[in-house]
Amino acid sequence: MKYNFNEIEAKWQKHWAENQTFKASNNSDKPKYYVLDMFPYPSGAGLHVGHPLGYIASDIYARYKRHKGYNVLHPMGYDSFGLPAEQYAIQTGQHPALTTETNIKRYRQQLDKIGFSFDWSREVRTSTPEYYKWTQWIFIQLFNSWYNKDSDKAENISTLIEKFEAEGNKAVNAVADDAVEFFTASEWKEFSSEEKQEILLQYRLTYLAETEVNWCPALGTVLANDEIVNGVSERGGHPVVRKKMKQWSMRISAYADRMLQGLNKLDWPEPLKEIQRNWIGKSVGAQVQFKVQNSSSKIDVFTTRPDTIFGVSFMTLAPEHELVNKITTPEQKEAVEAYVEATAKRSERERMADVKTISGAFTGAYAEHPFTKEPVPIWIGDYVLAGYGTGAVMSVPCGDQRDYDFAKHFGIDIPNIFKGVDISEEAFADKEKTILANSDFLNGLSYKEGTTKAIEALEKIGQGKGKTNYRLRDAVFSRQRYWGEPFPVYYVNGLPQMIADEHLPIELPEVEKYLPTETGEPPLGNATQWAWDTETSTVVSNTLIDNKKVFPLELNTMPGWAGSSWYFNRYMDGGNTEEFASQDALNYWQDVDLYIGGSEHATGHLLYARFWQKFLFDQGLLPVDEFAKKLINQGMILGTSAFVYRLQDKNTFVSKNLVGDQNVLPLHADVSFVNASGELDIEAFKNWREEFKDAEFILEDGKYIVGNEVEKMSKSKYNVVSPDEICEDYGADTLRMYEMFLGPLEQAKPWNTAGITGVHNFLKKLWKLYVDDNGIKVTDNEPSKESLKTLHKTIKKVEEDIENFSFNTSVSTFMICVNELTAQKCTSKEILEPLAVLLSPYAPHIAEELWSMLGNSESISTAAFPVFEEKHLVESSKTYPISFNGKMRFTLDLPADMSKEDIEKVVMEHAKTKAQLEGRTPKKIIIVPGKIVNIVG
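Just so we're aligned, residue 2 is where the sequence shown starts under the working numbering, counting upward by one.
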């Protein structure tokens, strides 16, 4: 019987689907194990061979855990809201829901072909109303919550209102806006309903505020920092500018310290945890207040070195700081406005990364030093960010290189009173004398002592206090897009009102076009049925808006990370229509035991998901405050790109080895046009694009040889290999094993289709171990000691490898095992049946088929993992080299536990020994048990 992998794989994929073989139960006597992959965005390009790497690894582990007796949850779904589908809709006019559905079907076919053990009964799609109903519900819970620093958790907003009614807000210890004004209980009661709502917005965990955002005019939307690369949008490469917009934000900063501390208990890669620590960025120091001269304005500055306050020679504000327009003098107005406009074209990341460029503008205004009362010039500079800290820094050139460079560049006076940057000695001016007279209370103190003293002095004059600051900023939660979760929000007199839970979901309306409106409103501004009737609790026509009973709905949608911040909890109870997941299901599954996905999500998805998890935990809705115990970042599978070389300004291509010193432009060519020898199919290349139709080719030995380079596998580099083709030509089991064989899971590794034949040949050899031309050839014969040894060393190694996620070395172990069993002519069921189970996580289709052929009626996934027995690896005999005067003449197999006396007796009585000695009596017999016998003389 031939190994017909196409038939075998189709048969078992159908069987698994029809029998829901991998469906997990929410109630089991078995211990639970939850294995999760970061769910994919279903793009139109489908999967390439790099995408399944993590899925294969997680599937091996999930199958292994089932064999070990666990109730395994291994779900899959789709992160199906997003900008790409919307951009395609703009270009084609096709509704994003239709293209998304088409893409999901394609993904599902590809995933099924690879044979994953997913529980598809729990599938989630973030773009379905059944799912985003609960995303909207979570948003409402956030809106109705505030963060109590005293209890160190989120609480219902009603408890805050109770405090206001009883004692006002002066004693309230909350995470809130900086500009909160104090009021008494009696004043609170006198406030109008609208005034109370505005005050509460300063405390809510999701709130409306004027925020500096990354605005992409070409895409008509706000972008997150991780959606911008080198100052342009990741999608399309469009320019991005900074601008202020009224946006929904999430008060993730409230959880900064808890997220920092929580990293200590997570089994996540240390480099990823360090990225999060740096992103959260805890700093301990002081908040210092500088008064602006000839103005009622004040500038708050956070510094980790309040002890250097007497070294301040200027202040720098972010160009976007709210005071810039207010304090800039008429003489400086033009220069400042030009600088602000130029800065708006640079992304925050670009500004943070640029440590070489010195640029800024003087506002013409001066602040007053808290102690000396001397004037401090106020500048703006793009190295200061509005959203980080207070958006202002006190600049100390003698203690900070960047401040020194800035001062030197613009000719700002530098007080020379601290050791630090090497600057020339000059006679002290009146300003320096004043500084020295006021700073003597810091003389001779260490940094720690000086910081404490400085804070005490600032508090005494009412211009500062000790503070812990975080780099982590509140997350902008609005997007000017169509294809995203609608907010469950309508507006009464400009103030947001939540739609009641029982009326969720608020579904996306139909629109004629997916671009912003002519007046600049988001795409939902094109909807004609997008108003909320408070009497009927339904979405109605915009023409009915009267701001009495019918009100406008929110036009922004939620960002892509909304749905991905809690999907792992929805999998626990995917079909629940009454709640986002039942408490029974949540208490049973608890959290994700193994999460596999890319490290690129360190400061996006993984931070936001931890934030939402902690919030829902605070609400008593989740049993744990971290959602994933263990995380593994899989490496990237790289593609081998093909390059052709076009002469500059000509449509002539030169073969690789003839390029020499010629001025050529390397261009990517589709790898499908290149054979295993690196030869380009010229006709296919010429037909590929109109511009190449009449191209000329300079050949070597009648061939055009391409260049190669290992790069990220990408459609834009034309180096993508489809898993469909591999499955068709070699089988899914071959693909699975080959992807694991390429190298360690966490490392990047290049793809080489030519290398896949070795793994495919291994599976054919495995098949022949069980099957011959007449069918199954496995017998009930007793296994040999050699075969038992081979099996049990394989069990030991494979189990160790799976537990250590060293899947590549397991594949090598299987190959050695099959080679040894083939050489031993093993046909024993006692060996070959457990071997099929061992192999099942890696190559499930062939394992299922062989298991069935061995007479088993249940799926191999129900079989127990083979148990390693040490006794089979204990040597029962030893092979001794028998030497005469140091030269080996023959070998002898003797029992491993034989004594020296018995060894000597057997050796001396052996016919070959007598022939060597020819009647002589040896002078000495040297015996090292287990190693050698040497007869001397």
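Glycine included, each C-beta is placed from N, C-alpha and C at the ideal position.
Inset, instruction - Please state whether DSSP places tryptophan 138 in a helix, a strand or coil. - result: helix
Inset, instruction - Assess, as a yes-or-no matter, whether the segment 85–104 is touched by the segment 51–61 under the definition of 3 or more beta carbon pairs within less than 8 Å. - result: No contact exists between the segment 51–61 and the segment 85–104.
Legend entry - The beta strand (DSSP E) enclosing threonine 222, as first and last residue numbers: 222–224
Inset, instruction - Report yes if the C-beta distance between aspartate 383 and proline 307 is below 8 Å; otherwise report no. - result: no
Inset, instruction - Use the C-beta contact count for asparagine 5: other C-beta atoms within 10 angstroms, 16 or more gives buried, fewer gives exposed. - result: exposed
Inset, instruction - Take aspartate 60 and list the residues in its own chain whose beta-carbon comes closer than 6 Å to its own, dropping the five residues that flank it on each side. - result: Phe117, Ser118
Legend entry - Exposure of serine 656, with buried meaning 16 or more beta-carbon neighbours within 10 Å: buried
Legend entry - Contained alpha helix (DSSP H) runs [length at least 4] in the segment 782–835, N- to C-terminal order: Secondary structure in the segment 782–835: the alpha helix (DSSP H) runs of 4 residues or longer, each lying completely within the stretch, are 786–804, 808–824 in chain order.
Legend entry - For glutamate 697, the residue or residues it bridges with in DSSP: In DSSP, glutamate 697 forms a bridge with Thr653.
Inset, instruction - Please report the Cβ distance between aspartate 574 and alanine 563, rounded to the nearest whole angstrom; I am assuming they are in contact, meaning their Cβ atoms lie under 8 Å. - result: Taking 8 Å as the upper bound for CB-CB distance, aspartate 574 and alanine 563 are not in contact here, some 19 Å apart.
Inset, instruction - Look up histidine 669 in the DSSP assignment and give the residues it is bridged to. - result: Phe644
Inset, instruction - Look up glutamate 876 in the DSSP assignment and say whether it is helix, strand or coil. - result: coil
Inset, instruction - Determine the closest residue to glutamate 787 out of Phe303, His873, Val233, with distance taken between C-alpha atoms. - result: His873
Legend entry - Buried/exposed call for lysine 615, threshold 16 Cβ in 10 Å: buried
Inset, instruction - Give the single residue among Ser234, Arg472, Lys549 whose Cα lies nearest to the Cα of aspartate 258. - result: Measuring from the Cα of aspartate 258, the nearest candidate turns out to be Arg472.
Inset, instruction - Give the straight-line distance between the Cα atoms of asparagine 664 and proline 751, rounded to the nearest whole angstrom. - result: 29 Å
Legend entry - Where glycine 931 falls, given that 16 or more other Cβ within 10 Å makes a residue buried: Exposed, because fewer than 16 other Cβ atoms sit within 10 Å of the Cβ of glycine 931.
Legend entry - Opening and closing residue of the beta strand (DSSP E) in which glutamate 182 lies: Note, glutamate 182: premise wrong, no beta strand (DSSP E); not H, not E.
Legend entry - Spatial distance of glutamate 8 from lysine 765 (CA atoms): 14 Å
Legend entry - Three-state secondary structure (DSSP) of cysteine 728: Helix.
Legend entry - Status (buried if at least 16 other CB within 10 Å, exposed otherwise) for alanine 90: buried
Legend entry - Pair within 8 Å by beta-carbon distance, asparagine 940 and tryptophan 135: Residue 940 is absent from the model: the chain starts at 2 and stops at 938.
Inset, instruction - With distances taken Cα to Cα, identify the nearest neighbour of proline 784 among Val819, Ala755, Glu831. - result: Glu831
Legend entry - Whole-number beta carbon distance between valine 512 and methionine 499, since they are thought to touch under 8 Å: At roughly 24 Å, the Cβ-Cβ gap does not stay under 8 Å, so methionine 499 and valine 512 are not in contact.
Inset, instruction - Using 7 Å as the cut-off, classify the Cβ of alanine 528 as near or not near the heavy atoms of the ligand GTP, replying yes or no. - result: As for the ligand GTP, it is missing from this structure, which has no ligand bound.
Inset, instruction - Out of Lys651, Thr453, Gly636, Pro882, point me to the one whose CA is closest to isoleucine 57's CA. - result: Gly636
Legend entry - Helix, strand or coil at threonine 317 [DSSP, three-state]: Strand at threonine 317.
Inset, instruction - Check whether the Cβ atoms of isoleucine 507 and glutamine 142 lie closer than 8 Å to each other. - result: no
Legend entry - proline 218 to arginine 243 span [Cα, whole Å]: 11 Å
Inset, instruction - Kindly give me the distance between the Cβ atoms of asparagine 809 and leucine 851, rounded to whole angstroms, as I take these residues to be in contact under 8 Å. - result: That belief does not hold up - the Cβ atoms of asparagine 809 and leucine 851 are roughly 23 Å apart, past 8 Å.
Legend entry - Residue from Phe82, Gln92, Val313, Phe806 with nearest C-alpha to asparagine 104: Phe82
Legend entry - Three-way DSSP call (helix, strand, coil) for threonine 373 in this model: coil
Legend entry - Inter-residue Cα distance where the pair is glutamate 876 and serine 813: 23 Å
Legend entry - Residues near lysine 432 in its chain [Cβ-Cβ closer than 6 Å; skip 5 each side]: Low per-residue confidence applies at lysine 432: pLDDT is 45, beneath 50, and the placement is therefore not dependable, though the value from the model is reported in the following sentence. Result list for lysine 432: Glu375, in chain order.
Legend entry - Where tyrosine 568 sits in the DSSP three-state scheme: helix
Inset, instruction - Please state whether DSSP places asparagine 444 in a helix, a strand or coil. - result: coil
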